[in-house]
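Have a look at the structure below before the remarks.
Residue numbers (the numbering used here): 1476 to 1850.
The following block contains the structure:
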């Protein structure tokens, strides 16, 4: 019996926990690390994770399919590419225990040339060869021309999601408390604890049909469920943007007036708001025609107060857009939006300069004599 086929069958028929272990071994052998699995339902054989390329720091979104069929369905591959685009990844990897048809390979080439999205296709043969030679059998002297590369699809000019500097989550409460840990998951947990696990649990929020906050541990997802004390547990999402969405939902339902930010270079602190010495703090100041000023505790607060001063209806009539996003929407369409009025969501620019530019545009279009300054 062919030992290669036997090993592929072993991977194809193993349970999900063992499959994750095989995948992590494979990725380690092709120089990827920091694997973070998505807590998604895998009844249909779909698993997702992200991993860091140790050679250039780029982050890769990876889909894993444990198929019993011989070849991958092109529809699964096209769905994965749409997910890459939606999450703004430029590099992806599709791993399967089966094989890829010529149609799949041609599709990947077209996507790379037309959209700048690079997808590496890894079938059961490739994965099993790496695991067998570099892991199980302890053989590490494969010749360069024998070593298979899963990086062959990468484009030199495709913009990558870089992990050089982590994007941190920061939550500011109206009493002045600031939570900003070096790890977004820890900030998320601290925020839930600060709000009150019982209050959040009463909202009935869920992740993959599992309560976000509860007193029970679902064994199937126990690796993503973390304790926060007093018998309460929180389901942690691997994607920071998912954490942000949950916090905005909690903020809106409980009317907490929290300020939720994502950024780089913030110093770790649970009581005071600090910036690292490499990050210059910026603020906005609005001087009104009557000499009064609008100056919130941060740029976001000033931006929101400025919009309220001008008038939501007045601005909305101008149909202002920013980076292909509408300034106002009637649903929570983009990450970082806040509900400024009932049924009206305001899009918040990511940085102070972006807020400044939009405020200047608003002031000009509504012919309001205000002075806006970055301080």
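Positions of the beta carbon are idealized from the N, C-alpha and C atoms, including for glycine.
Residue range of the alpha helix (DSSP H) that residue i falls in?
| i | result |
| --- | --- |
| residue 1590 | 1577-1590 |
| residue 1784 | 1774-1785 |
| residue 1547 | No alpha helix (DSSP H) holds residue 1547; DSSP gives it neither H nor E. |
| residue 1496 | 1491-1504 |
In terms of residues, what are the limits of the beta strand (DSSP E) holding residue i?
| i | result |
| --- | --- |
| residue 1507 | 1507-1512 |
| residue 1540 | 1534-1540 |
| residue 1569 | 1566-1571 |
| residue 1525 | 1521-1528 |
| residue 1593 | 1593-1597 |
Using the Cα positions of residue i and residue j, report the straight-line distance between them to the nearest angstrom.
| i | j | result |
| --- | --- | --- |
| residue 1743 | residue 1735 | Because the pLDDT at residue 1743 is just 42, under 50, the model does not fix this residue reliably, and the value given afterwards should be weighed accordingly. Answer to the nearest angstrom: the Cα atoms are 15 angstroms apart. |
| residue 1675 | residue 1648 | 16 angstroms |
| residue 1803 | residue 1513 | 31 angstroms |
| residue 1669 | residue 1595 | 43 angstroms |
| residue 1667 | residue 1722 | 9 angstroms |
| residue 1766 | residue 1759 | 16 angstroms |
| residue 1505 | residue 1600 | 14 angstroms |
| residue 1855 | residue 1605 | For residue 1855 there is no data in the structure shown, the boundaries of the chain being 1476 and 1850. |
| residue 1593 | residue 1533 | 12 angstroms |
| residue 1469 | residue 1685 | The structure shown does not extend to residue 1469, since the chain is modelled only from 1476 through 1850, so no value can be given for it. |
| residue 1790 | residue 1705 | 47 angstroms |
| residue 1603 | residue 1703 | 40 angstroms |
| residue 1841 | residue 1655 | 37 angstroms |
| residue 1490 | residue 1497 | 11 angstroms |
| residue 1591 | residue 1500 | 28 angstroms |
| residue 1698 | residue 1495 | 13 angstroms |
| residue 1509 | residue 1492 | 17 angstroms |
| residue 1726 | residue 1787 | 21 angstroms |
| residue 1542 | residue 1671 | 43 angstroms |
| residue 1805 | residue 1817 | 9 angstroms |
| residue 1792 | residue 1779 | 17 angstroms |
Using a threshold of 8 angstroms, state whether the C-beta atoms of residue i and residue j are closer than that.
| i | j | result |
| --- | --- | --- |
| residue 1571 | residue 1598 | yes |
| residue 1761 | residue 1847 | yes |
| residue 1659 | residue 1680 | no |
| residue 1525 | residue 1511 | yes |
| residue 1844 | residue 1764 | yes |
| residue 1807 | residue 1820 | yes |
| residue 1579 | residue 1552 | yes |
| residue 1522 | residue 1567 | no |
| residue 1782 | residue 1815 | yes |
CB-CB under 8 angstroms to residue i, same chain, minus the five flanking residues each way: which ones, in chain order?
| i | result |
| --- | --- |
| residue 1576 | 1546, 1547 and 1549 |
| residue 1775 | 1734, 1736, 1823 and 1830 |
| residue 1696 | 1514, 1683, 1685 and 1710 |
| residue 1719 | 1644, 1735, 1737, 1810 and 1811 |
| residue 1768 | 1760, 1761 and 1762 |
Short of 7 angstroms in beta carbon distance, which residues of its chain neighbour residue i, apart from the five on each side in sequence? Order them along the chain.
| i | result |
| --- | --- |
| residue 1824 | 1797, 1830 and 1833 |
| residue 1772 | none |
| residue 1701 | 1664, 1708, 1709 and 1711 |
| residue 1827 | 1757, 1759, 1774 and 1849 |
| residue 1556 | 1586, 1592 and 1594 |
Any C-beta of chain B sitting closer than 8 angstroms to the C-beta of residue i?
| i | result |
| --- | --- |
| residue 1584 | Although the question refers to chain B, the structure presented lacks it and comprises just one protein chain. |
Only counting the same chain, and skipping five residues up and downstream in sequence, which positions put a Cβ closer than 6 angstroms to that of residue i?
| i | result |
| --- | --- |
| residue 1574 | 1546 and 1598 |
| residue 1646 | 1654, 1666, 1733 and 1735 |
| residue 1678 | 1728 |
Practice problem: Can you check the stretch 1668-1735 for any beta strand (DSSP E) of at least 3 residues that lies completely inside it and give the ranges in chain order? | Solution: 1700-1704 and 1707-1710
Run through the stretch 1763-1847 for me and flag every whole alpha helix (DSSP H) of 4 or more residues, listed as ranges in chain order. 1774-1785, 1787-1791 and 1827-1840
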